[in-house]
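Below is one structure, written out as structure tokens; comments come after it.
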Amino acid sequence: MHPIPFLDLAAQQRRIAPALRARLDAVLAHCQFVLGPEVGELEQRLAAYAGAAHCVTVSSGTDALQIAMMAEEIGRGHAVFLPGFTYTATAEVPLVLGATPVFVDIDPHTFQIDPADLERRIATILALGQLKPRAIIGVDLFGQPAPWPALRDIAARHGLFLLDDCAQSFGASLHGRKLGQEAEATAVSFFPSKPLGAYGDGGALLTESAERAALYRSLRTHGEGATRYEVLRTGMNGRLDTLQAAILLAKLDVFDSELAHRAAIAARYDAKLTGLVEIPARVPDSRSAWAIYAVLLPEGTDRDAVQAAMRADGVPTAIYYPKPLHAQPAYRASHTGNPLPVAEAVSQRILALPIHPDLPLEAADRVTDALRHALASQGTRAAAAG
Ligand SMILES: Cc1ncc(COP(=O)(O)O)c(C=O)c1O
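According to our numbering, the sequence shown is numbered sequentially starting from 51.
Below, the structure is given as structure tokens:
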């Protein structure tokens, strides 16, 4: 049996080839490869899609986070609170800017940042008195929204800047509203594997503030002022290529139908896997973008053996994330030393299954069958009951 692709960008490309080709040909004809008209068009479309007042596209999700934090002058002596269970970029940016990332534990079922633990970590930093609490980065992990009402409340009480790392979750919604307005700024990634992915690196910042949007535009072009050779501040070369904007415009036309297919796959997985493994808990009153569908294997399962057995059945899997960030060599030195027991336990049991808009429902059934067989061959009680 041929293997199921974990992600199938070639199938997506075949499905939208004429629209992609037309968009790319237009750029090749006008040759404005940097800040060409497609960039502005995309910014308008993305802002309208997310219901945000302003959108500034940038060169990656990482640069979106960095520009947002540079605009607030976050740096040395500042504590930036963020979940310990996320991609490295969330923690890397504060550290690159001289600030200290403070890792917060997660909810064991949704995998999102735990507001109660956030309160505790802020109290610890205040008690230690060495760092000034300055910002919270909420991460919308795996396609689902972070607990935004609680994060907003905590940020307001402590006077902290609130940044949404929405790299994985553009297109998701909370309380009937698309992500993009939950925090003071929202960073999006268009890395090729993201639900809305370019053919290279790309990102965007969404904000309600005209002042912030103007700062982001300046920072993404070397801190320029009203004219090209007026340099107002230290910035970076952080623009989105016109070709990437053209690709994203073609993909945006089919984005909602792709999100609907991802949701159908997730519902199929839920139905087939309930009782066998812990299926991902939904954040109440939200819609996920289903960037990642990750289950928790029964405690004590040999995860390597499960992955190997599924691979033998032609089903690839992935582990996001095998280690929480506080346990990574790059961050150990800056970590306050407090453990993150939930993130540590989740990282031992988590397993991501293929989910993408070109995965047929029958292929999803092959995935769940392979997981059931793999667990049965380990003789777990859950598999026997299923
Ligand atoms: C949670 C999170 N934040 C930030 C990033 C960085 O985005 P990019 O790869 O576009 O720089 C990613 C990308 O994988 C991510 O998953």
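In this text, a Cβ means the ideal position worked out from N, Cα and C, and glycines have one as well.
Excluding its 5 nearest sequence neighbours in each direction, SER307 has C-beta neighbours in its own chain below 8 Å: PRO407, listed in chain order.
In the three-state DSSP reduction, TYR370 falls in the coil class, being neither helix nor strand.
For GLY111, the uninterrupted alpha helix (DSSP H) run begins and ends at 111-121, by DSSP. The residues ALA359, in chain order, have a CB closer than 7 Å to that of SER427 in the same chain once the five nearest residues on each side in sequence are set aside. In the DSSP annotation of this structure, the continuous segment of the beta strand (DSSP E) that includes PRO133 starts and ends at 128-133. The beta carbon of ARG283 sits closer than 6 Å to those of GLY273, all from its chain and outside the five residues before and after it, given in chain order. Here ALA420 is actually not in contact with VAL333; their C-beta atoms are around 28 Å apart, not less than 8 Å. Annotation for LYS182: the continuous beta strand (DSSP E) segment containing it runs 182-189. With 16 or more other Cβ atoms inside 10 Å of its own Cβ, GLN294 counts as buried. One Cα belongs to LEU290, the other to GLU349, and the distance between them is close to 44 Å. Taking the Cα of ALA72 as reference, the smallest distance to any Cα among CYS216, ALA339 and ILE297 is reached at ILE297. Counting every other CB atom within 10 Å of its CB across the protein chains shown gives VAL84 a total below 16, marking it as exposed.
For HIS104, the enclosing beta strand (DSSP E) stretches over residues 104-108.
Of the heavy atoms belonging to ligand 1, at least one sits nearer than 7 Å to the Cβ of SER239. C-alpha of ALA217 to C-alpha of TYR279: approximately 32 Å in a straight line.
When DSSP reads this structure, LYS228 sits in a beta bridge with SER223. When distances are taken from the beta-carbon of VAL333 to the heavy atoms of ligand 1, even the shortest one reaches 7 Å or more. If you look at ALA67, you'll find it in the alpha helix (DSSP H) that goes 67-80.
Under the three-state reduction of DSSP output, GLY101 falls in the coil class, being neither helix nor strand. If you look at ALA310, you'll find it in the alpha helix (DSSP H) that goes 305-323. When the Cα atoms are used, LEU390 and LEU425 turn out to be separated by approximately 28 Å. One alpha carbon belongs to SER338, the other to ASP215, and they sit about 15 Å apart.
Annotation: the continuous alpha helix (DSSP H) that includes TYR266 extends over 260-270. About 5 Å separates the CB atoms of VAL77 and THR292; that is less than 8 Å, so the two are in contact.
Judged by the Cβ position, GLY221 fails to qualify as a neighbour of ligand 1 at the 7 Å threshold, every heavy atom of the ligand being at least this far. Between the C-alpha atoms of ASP320 and LEU132 there is a straight-line separation of about 29 Å.
Of the candidates GLU142, ALA149 and ARG171, the residue whose Cα lies closest to the Cα of ASP155 is ARG171. GLU274 has VAL281 as its beta-bridge partners, per DSSP. Between GLY325 and ASP58, the alpha-carbon positions lie close to 29 Å from each other.
Assigned with DSSP and collapsed to three states, PRO151 falls in strand.
The beta carbons of PRO144 and MET119 sit closer together than 8 Å. Each residue's CA atom was taken as its position, placing LEU346 and GLU261 some 43 Å apart.
Residue environment: ALA121 is assigned as buried (16 or more neighbouring CB atoms within 10 Å of its CB, all protein chains considered). For GLU234, the three-state secondary structure derived from DSSP is coil.
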